[in-house]
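Notes follow once the structure below has been shown.
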Amino acid sequence: MLRIGMFLADRYEIVEMLGAGGMAEVYRAKCHKLNRFVALKVLKPEFAADKVFVTKFRMEARSVACLTHNNIVGVYDVGEDRGIHFIVMEFVDGITLKDYISRKGKLTTKETIGISLQVAQGLAAAHANHIIHRDVKPQNIMISREGKVKVTDFGIARAITDETTNMYTAMGSVHYISPEQARGGYCDERSDIYSLGITMYEMVTGRVPFEGDNTVSVAVAHINDALIPPSYYTPSIPVALEQIIFKCTQKKPERRYLTCSELIGDLRKAISMPERNFVENVPESYKGDTIMITDGDVNRIRRNSTDQVLEQEENPYSEQEADTYIEDSMEEDRKYAIKREAEDNNEIEQTLFDKVIFWVGITFAVILLVLLIYIVGTLAGWFGNMTVISNRSTETNQEESLNQKQTVMPNVLGKTREEAEELLKENGLECSIQEQRQYSEEYPEDTICKQEFKEGTVVNKNTRVKLVLSLGNKKYQISDKLIGMTRKELEEELEEYEIDIEYEYEEDSDAEPGTVINLDPNSGELKSGDKLKVYLAKEPDEVTIPDVTGKTKEKAEEALEKVGLKLGAVTEEYSNTVDNGLVCDQSPNANTKAEEGTEVDIVISKGANTTAQEIIVPRVIFLTQEEAVRRLKELGLKVVVEEKADRWVQKGYVIDQDPAEGATLREGSTITIEVSSGTSDIDTSTEPSTSESITSSEVPTPSSSTTPSSSVTPSSVSPESMILTNDFYSMNQAQITAKLQEIGVGGVIEMQFYNTVPAGRVACIYRGNQELRPGAVFTRGETVRVIISGGPEPANWDDVKESTTQTIPAPAN
-1 MLRIGMFLAD RYEIVEMLGA GGMAEVYRAK CHKLNRFVAL KVLKPEFAAD KVFVTKFRME
59 ARSVACLTHN NIVGVYDVGE DRGIHFIVME FVDGITLKDY ISRKGKLTTK ETIGISLQVA
119 QGLAAAHANH IIHRDVKPQN IMISREGKVK VTDFGIARAI TDETTNMYTA MGSVHYISPE
179 QARGGYCDER SDIYSLGITM YEMVTGRVPF EGDNTVSVAV AHINDALIPP SYYTPSIPVA
239 LEQIIFKCTQ KKPERRYLTC SELIGDLRKA ISMPERNFVE NVPESYKGDT IMITDGDVNR
299 IRRNSTDQVL EQEENPYSEQ EADTYIEDSM EEDRKYAIKR EAEDNNEIEQ TLFDKVIFWV
359 GITFAVILLV LLIYIVGTLA GWFGNMTVIS NRSTETNQEE SLNQKQTVMP NVLGKTREEA
419 EELLKENGLE CSIQEQRQYS EEYPEDTICK QEFKEGTVVN KNTRVKLVLS LGNKKYQISD
479 KLIGMTRKEL EEELEEYEID IEYEYEEDSD AEPGTVINLD PNSGELKSGD KLKVYLAKEP
539 DEVTIPDVTG KTKEKAEEAL EKVGLKLGAV TEEYSNTVDN GLVCDQSPNA NTKAEEGTEV
599 DIVISKGANT TAQEIIVPRV IFLTQEEAVR RLKELGLKVV VEEKADRWVQ KGYVIDQDPA
659 EGATLREGST ITIEVSSGTS DIDTSTEPST SESITSSEVP TPSSSTTPSS SVTPSSVSPE
719 SMILTNDFYS MNQAQITAKL QEIGVGGVIE MQFYNTVPAG RVACIYRGNQ ELRPGAVFTR
779 GETVRVIISG GPEPANWDDV KESTTQTIPA PAN
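My numbering puts the first residue of the sequence shown at -1, with every later residue one more than the last.
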């Protein structure tokens, strides 16, 4: 592990460790040449010692550096210093998708599609440059504070060699690998699509589809086991999204989406047509027809069978851009690339006839071997009990094909609970009825409408089979009580019936705008999927309120009347910024909508109040909106409140103020406070803006090498408790001491005088010289500095006692 403050390549200063994975450690570093924060991925010693791996690692990193896309974490540089190999990457202020799923349990359909679209766009850009990720998983997908999604760790998986495959598989990616990867076979773009499909499955269900006692059993499950439908765990998943996941996770690559562009197209359709099954599935096989391979297919196979990144390696950096410390390694990489390209060219030059002869020989040898094994096995009686099991096999054949610990799943759909339990018991299985029932058009109420395993599936005896009882085909009786409801009230009334509602607006002077005035049909029953046309009263015509500040009363009235508005109440007050006799404020505010005839109140300036007292602006950050407004108004200040989404500060608390604390204002001046409106949604835009930028902050990835305190175990501390929130700033010294001890963080508590923070309360929290803001993540075992307010500065410093410093020891590593 690198030391904090250490420099790499005389350029990158290590600031803090962000986390560690199976192959590398990640640090936040300061680039002193460009004065920006970056993320450094440093290879662990066991990988850095492998020269072949390091060479491939550098080549892949430089190839990925050529990728420029809003949904890919940028790679800036690759280098080596004192035997330490590292990649310089874009620093993303956010968390991994894995952490986001862990916090929420399951993601909404909107979030799942929005994230999947952005990941697919990033992968499409990489595939267009012949780069395959090979390790798509939630841990390699970052979500910024603004909701932007970025794929990271391109090229790391590609650099895996035969010698490191087993080590890497044990690191966790086995839950997302494609069947062809599990077999060690040929991989292309469709392997990434499979892994993205598994990631989508985890987003909507909160779990991975295949589990096992070890990595081998999970890999075998990817090859052989059928995928349990996501709707079994999340019944509310739309049909379109489930079908997209099914197509992405097909066992055979040719049955998946061929490109990410096709996947993106279906994801976009799923936004507007969530309940339609428009996904085109490839047939299981084409019997009797010969499928011809086009010249384009041959070229594509050749291109993908060689190292996809060599063609980008011709000029990844100009000599002027490259730093001196990587020149030697670049020369080695060029030699390796030339050698590899020559080998590939020799292989491609093999004639088609030679290839045909080779594969015919291999096929013939395999057939002979199979026949030989069958003949010997038959004579020896090895296959005496071998029988193919199918849904239509007789009971006798099924019994012959199973060992003593296995049985076949019967069909219990449509049966009562008692009948299902009895039938399962006869087959050596146990019954587990789920608490949550589901509506079903096919199966009557109180009968089984869903079973965990399909009929004919071979399962172990004594398995507890999950069954779901039907609520029947629920119908809604249309009545007059819907008339007069608002759109929101109507949707809440019909939500559980899953009725397709279409809206149309009509003028009705007798009805409240936005309420229901008619229905089509207006009587009878509706069931799931039926259409209902709802007529709503049209809103009256609205106009945009003009800005009349800075105008005289007469000009303001003229501007209002011009758009159909009226002048309302007129008052006067002092203003330090607007001249005497001009409008300094208005209500409602400018550029908002209002009905014609609405009155607009204005305030006329009396000029600056020369007798007004000067006021020192207090600190109101992290106070509630009500408390902040009350304090500021008591001082004679006007307050403007603006809302802003913030995923770290609780709704209704102040997150910023302008002017800042300590500024001097005259009585009657205006101060603006920014109040949190709560968590913002994940960005679901299909093409992120190219002007979006990422700022530096703490990435919430706690170090895996930190040992927790003996009194605080990882299982007893939730991830949420490690996040700095505004609640910390309402604590006194005893409370913050207890909180730090609870989460296993050391602290040095000092007292300083603050005119704007009440005495005894937390004023600031520092990590080194950096002040932490809400959203920062504490690392178990670290030590922070906490400043407690001593109140306003004393008039006589001679009376001040020497302050003491309290130290909370960090847990021993």
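A virtual CB, placed ideally from N, CA and C, is assigned to each residue, including glycine.
The model shown is predicted, which means the values in this text are computed figures rather than measured ones.
What residues in its chain sit with their C-beta under 7 Å from that of residue i, if we drop five residues either side in the sequence?
i: A180; result: A217, H220 and I221
i: S675; result: E641, K642, A643 and K649
i: D75; result: V86
i: G195; result: I243, C246 and T247
i: A418; result: V410, C429, I446 and L465
i: T484; result: G512 and T513
i: I614; result: G660, T662 and N753
i: E453; result: N389, M407, P408 and N409
Please classify residue i: does DSSP put it in a helix, a strand, or coil?
i: E88; result: strand
i: F35; result: strand
i: E14; result: strand
i: H83; result: strand
i: K135; result: coil
i: T106; result: coil
i: M720; result: helix
i: L633; result: coil
i: D656; result: strand
i: Q750; result: strand
i: F356; result: helix
i: F152; result: coil
i: N598; result: The sequence given here has Val at residue 598, not Asn. Residue state, collapsed to three classes: strand.
i: D725; result: helix
i: S468; result: strand
i: E502; result: strand
i: N222; result: helix
i: M4; result: coil
i: Q648; result: coil
Who are the Cβ neighbours of residue i in its own chain at under 6 Å, not counting the five residues just before and after it?
i: G548; result: L580
i: I235; result: V202, P228 and S229
i: G819; result: As displayed, the chain neither begins before -1 nor continues past 811, which places residue 819 out of reach and without an answer.
i: D583; result: V601
To the nearest angstrom, how far is the alpha carbon of residue i from that of residue j?
i: I129; j: S171; result: 19 Å
i: F5; j: I12; result: 6 Å
i: K250; j: V280; result: 10 Å
i: G562; j: I515; result: 28 Å
i: V673; j: E625; result: 12 Å
i: V214; j: C185; result: 19 Å
i: S477; j: R415; result: 35 Å
i: V52; j: P228; result: 40 Å
i: I543; j: K551; result: 16 Å
i: T110; j: D151; result: 21 Å
i: M729; j: R759; result: 6 Å
i: H173; j: S114; result: 18 Å
i: I269; j: E240; result: 13 Å
i: G666; j: R771; result: 31 Å
i: P207; j: N458; result: 19 Å
i: V368; j: Q402; result: 28 Å
i: L16; j: I2; result: 12 Å
i: N524; j: P233; result: The question names Asn, but residue 524 in the sequence shown is Leu. Cα-Cα distance, rounded: 21 Å.
i: F620; j: R101; result: 24 Å
i: S259; j: H125; result: 10 Å
i: E537; j: E510; result: 8 Å
Would you call the CB atoms of residue i and residue j closer than 8 Å?
i: V36; j: A22; result: no
i: G595; j: K564; result: yes
i: A46; j: I262; result: no
i: Y495; j: K472; result: yes
i: K146; j: T197; result: no
i: L256; j: R188; result: yes
i: Q436; j: L469; result: yes
Below 8 Å CB to CB, which residues in the same chain sit around residue i once its five sequence neighbours on both sides are set aside?
i: V627; result: V637, V639 and I671
> Between the segment 526 to 533 and the segment 565 to 573, are three or more C-beta pairs nearer than 8 Å?
Replying inline: no
> When the Cβ atoms of the segment 737 to 751 are set against those of the segment 772 to 781, are three or more pairs found closer than 8 Å?
Replying inline: yes
>> Measuring CB atoms only, is the segment 492 to 504 touching the segment 455 to 471, in the sense that at least three cross pairs come out at less than 8 Å?
In response: no
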